[in-house]
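Beneath this line is the structure, given in structure tokens, with notes to follow.
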Amino acid sequence: MSADRLRRLDDGALAEAIRATGADLRWPATPDVEPAVRRSVARSRPRAGVGPVWPALPRRRRLVVLLAAALVLLGGAALAAKLVLDLGAVTVTTIPGRPTGLPTDAITGDDFGRPVSIKEAERLTGLSARIPAALGPPAAVWAEQGPVGFDPGDTAPWIAMAWDTRDDLPPIAGTLRGAILFQFRGETDVAAKVLYADAGSIRPVRLGTGHAFWITGPHAFRAIVDGRLREYRVDGGVLLWQEDDETFRLETALPLAGARAIAETLP
Amino acid sequence: MEGRPLDDHELVARARDGDADAFSALVARHQQAAFRVAWLIARDPGEAEDAVQEAFVKAWRAMPRFRADAPFRPWILRIASNEARNRARSTRRRDALALREAAAVGTGDAAPSPEAAALSRDETETLTRALDRLPERDRIVIAYRWLLDLSEAETAEILGVRLGTVKSRLSRALRRLREELGDGGPTEPEARS
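Going down the list, the sequences are from chains A and B.
If you read the first sequence in the numbering used here, its first letter stands for residue 2, the second for the next number, and so on.
If you read the second sequence in the numbering used here, its first letter stands for residue 270, the second for the next number, and so on.
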């Protein structure tokens, strides 16, 4: 029996058998995407540095436009809202009904810009990165001191940290990340969550000696990242809480108890 | 661009400065690998094509933030992989693969490799069928490492995990592959010295 022979191969021989199979697979013909990519590329230049490439607009006006775009999106959701919760830098809006037209991209960090070290993140933002002892050093860190308001001096620092999936951290849907922690400072709204009442829920839970909010169900996460308003789909459970003037958002695929156990190990 | 073909680092340096021709050369060079990476996840050539196209457009936009000394291939393959994963999830396309249908040894146009010639057609079909049945995490790590013949370091980069994690996942995935080879049902893996 062929299966029996294959099962008896040691790891090296089985790997070679797979490699040989790959070399002879009839792969689907590779489409030439270069012309289509070239057309898209011709319409946009690479974005240099932080912030969108908006030609000829003075900086102050760019900030106004950016904020206006954010308000349209955030406010549009709020009009039909049953509940709006403003938790520091993060607003959570609950809308009646089921989700329609959710974004497709999960948060992976790939579009957050250049990863930085913890020290760089702290130097860039002035924040002291809070790393849960239960997770250990993150696999990747991003940080930003982004402009968000009418005043050029109105900035909102945040740090995002990601941990790879491992035995005690199942993958977050659509990613190979096991946990993603955002740390925001201030009251300026730089992120918004839009939740649909028939598909998800938000409820207060205890966290240590304080409180947090536990969000479940598919929802949208909108944040100003690298000068742009970005939208992501979130399926996993999210724990959201405040400590002093900082707001934390922890996303995992764990149940509440697991997420809370991680959050409670923040230094 | 005439004379000696530019290597990836040179093309990346030019693309970072806005040279669309240099970026097109990178697209032409890496689109096949990107497409296969995406197809292994999306399991649909059309979805994989869309994912690859979007991946390159995203890469172009992010070029100024890409480290000039970093290898381009694992980065673009990772973006393509994530794009395909997002699309597979959003369209709920989880059709039975694919790999078994693509098994071409003994039937394709190209002559089989010497290694493959050592496998009977029946064995190749058995192997691809077992690979198709693996959970995505196991299937993908095996497929990237050996079907696509990527290095362990590249596989780690694309999956966004550490090198040691790739090694342990490969070991576990081979164990599960043996289980799948056991008449399609779980069996105890053979003891290895």
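All residues carry an ideal CB built from backbone N, CA and C; glycine is no exception.
Computed from a prediction, not measured in an experiment: that's the story for all the values here.
Simplified DSSP assignment, three categories, for residue i
{"i": "F335 (chain B)", "result": "coil"}
{"i": "W308 (chain B)", "result": "helix"}
{"i": "R178 (chain A)", "result": "strand"}
{"i": "G238 (chain A)", "result": "strand"}
{"i": "G201 (chain A)", "result": "coil"}
{"i": "L244 (chain B)", "result": "Residue 244 (chain B) cannot be examined here, being either before or after the span of chain B that is shown, 270 to 462."}
{"i": "L230 (chain A)", "result": "strand"}
{"i": "I409 (chain B)", "result": "helix"}
{"i": "R9 (chain A)", "result": "helix"}
{"i": "T253 (chain A)", "result": "strand"}
{"i": "T105 (chain A)", "result": "coil"}
{"i": "V195 (chain A)", "result": "strand"}
{"i": "D165 (chain A)", "result": "strand"}
{"i": "R115 (chain A)", "result": "coil"}
{"i": "R27 (chain A)", "result": "coil"}
{"i": "P56 (chain A)", "result": "Interpretation of P56 (chain A) is limited by its pLDDT of 27, a score under 50 that renders its predicted location unreliable; the figure taken from the coordinates is listed afterwards. Here P56 (chain A) sits in coil by DSSP."}
{"i": "V326 (chain B)", "result": "helix"}
{"i": "V38 (chain A)", "result": "helix"}
{"i": "L416 (chain B)", "result": "helix"}
{"i": "R445 (chain B)", "result": "helix"}
{"i": "E244 (chain A)", "result": "strand"}
{"i": "T217 (chain A)", "result": "strand"}
Exposure of residue i, with buried meaning 16 or more beta-carbon neighbours within 10 Å
{"i": "A14 (chain A)", "result": "exposed"}
{"i": "G429 (chain B)", "result": "buried"}
{"i": "T109 (chain A)", "result": "buried"}
{"i": "A69 (chain A)", "result": "Because A69 (chain A) carries a pLDDT of 37, less than 50, the predicted location of this residue cannot be relied on, and no value is offered for it."}
{"i": "G211 (chain A)", "result": "exposed"}
{"i": "R30 (chain A)", "result": "Looking at the sequence shown, residue 30 (chain A) is not Arg but Ala. Exposed, since its Cβ has fewer than 16 Cβ neighbours within 10 Å."}
{"i": "G23 (chain A)", "result": "buried"}
{"i": "L412 (chain B)", "result": "According to the sequence provided, residue 412 (chain B) is Ala. The question's Leu does not apply to it. Buried, since its Cβ has 16 or more Cβ neighbours within 10 Å."}
{"i": "V206 (chain A)", "result": "exposed"}
{"i": "D112 (chain A)", "result": "buried"}
{"i": "G262 (chain A)", "result": "The question names Gly, but residue 262 (chain A) in the sequence shown is Ala. With fewer than 16 Cβ atoms within 10 Å of its Cβ, A262 (chain A) is classed as exposed."}
{"i": "L446 (chain B)", "result": "buried"}
{"i": "A328 (chain B)", "result": "buried"}
{"i": "L432 (chain B)", "result": "exposed"}
{"i": "R40 (chain A)", "result": "exposed"}
{"i": "P274 (chain B)", "result": "exposed"}
{"i": "E158 (chain A)", "result": "The amino acid at residue 158 (chain A) is misidentified as Glu; the sequence shows Pro. Burial call: buried."}
{"i": "R115 (chain A)", "result": "exposed"}
{"i": "R223 (chain A)", "result": "buried"}
{"i": "A4 (chain A)", "result": "buried"}
{"i": "D313 (chain B)", "result": "buried"}
{"i": "R347 (chain B)", "result": "buried"}
{"i": "D25 (chain A)", "result": "buried"}
{"i": "A43 (chain A)", "result": "exposed"}
{"i": "A291 (chain B)", "result": "buried"}
{"i": "R8 (chain A)", "result": "buried"}
{"i": "D12 (chain A)", "result": "exposed"}
Check whether residue i and residue j have beta carbons under 7 Å apart
{"i": "R298 (chain B)", "j": "A320 (chain B)", "result": "no"}
{"i": "E352 (chain B)", "j": "P32 (chain A)", "result": "no"}
{"i": "D165 (chain A)", "j": "G179 (chain A)", "result": "yes"}
{"i": "P219 (chain A)", "j": "A192 (chain A)", "result": "no"}
{"i": "A324 (chain B)", "j": "A349 (chain B)", "result": "yes"}
{"i": "P343 (chain B)", "j": "E423 (chain B)", "result": "yes"}
{"i": "A135 (chain A)", "j": "T266 (chain A)", "result": "yes"}
{"i": "I203 (chain A)", "j": "F214 (chain A)", "result": "yes"}
{"i": "A18 (chain A)", "j": "L388 (chain B)", "result": "yes"}
{"i": "L439 (chain B)", "j": "V410 (chain B)", "result": "yes"}
{"i": "V195 (chain A)", "j": "A221 (chain A)", "result": "yes"}
{"i": "L400 (chain B)", "j": "R408 (chain B)", "result": "yes"}
{"i": "A130 (chain A)", "j": "I160 (chain A)", "result": "yes"}
{"i": "T92 (chain A)", "j": "R234 (chain A)", "result": "no"}
{"i": "G237 (chain A)", "j": "I173 (chain A)", "result": "yes"}
{"i": "V435 (chain B)", "j": "A442 (chain B)", "result": "no"}
{"i": "I345 (chain B)", "j": "A303 (chain B)", "result": "yes"}
{"i": "R259 (chain B)", "j": "W28 (chain A)", "result": "Because chain B is modelled from 270 through 462, residue 259 (chain B) falls outside the range shown and cannot be assessed."}
{"i": "L230 (chain A)", "j": "A264 (chain A)", "result": "no"}
{"i": "A198 (chain A)", "j": "T95 (chain A)", "result": "yes"}
Near the ligand ADP: residue i beta-carbon under 6 Å from a heavy atom
{"i": "R283 (chain B)", "result": "Looking for the ligand ADP in the displayed structure turns up nothing, as the structure carries no ligands at all."}
In the region 387-415 of chain B, which residues sit with their C-beta less than 7 Å from some C-beta in chain A, listed in chain order? L388, S389, D391, E392, T393, T395, L396, T397, I411 and W415
Give a yes or no on contact between the region 329-343 of chain B and the region 117-130 of chain A, applying the rule of three or more CB pairs nearer than 8 Å. no
Per the contact definition of three or more C-beta pairs closer than 8 Å, is the region 93-101 of chain A in contact with the region 410-422 of chain B? No, the region 410-422 of chain B does not touch the region 93-101 of chain A.
For the region 279-287 of chain B against the region 240-256 of chain A, do three or more pairs of beta-carbon atoms, one drawn from each stretch, fall closer than 8 Å, so that the two count as touching? no
Contact residues within the region 189-208 of chain A, judged by C-beta distance below 7 Å to chain B: none
Name the residues in the region 421-442 of chain B whose C-beta lies less than 9 Å from a C-beta of chain A; which are they? L428, G429, V430, R431, T434, L439 and S440
Where the region 92-125 of chain A meets chain B: residues whose CB sits under 8 Å from a CB there: T105, D106, A107, T109, D111, D112, G114 and R115
Members of the region 310-330 of chain B near chain A, C-beta cut-off 8 Å: Along the region 310-330 of chain B, the positions whose C-beta sits under 8 Å from a C-beta of chain A are P314, A317, E318, V321, Q322, F325, V326, K327, W329 and R330, read in chain order.
Can you give me, in chain order, the residues of the region 21-34 of chain A that have a beta carbon less than 9 Å from any beta carbon in chain B? A21, T22, G23, A24, D25, L26, R27, W28, P29, A30, T31, P32, D33 and V34
Selection of the region 156-179 of chain A by Cβ proximity to chain B, strictly under 9 Å: A163, D165, T166, R167, P172, A174, G175, T176, L177 and R178
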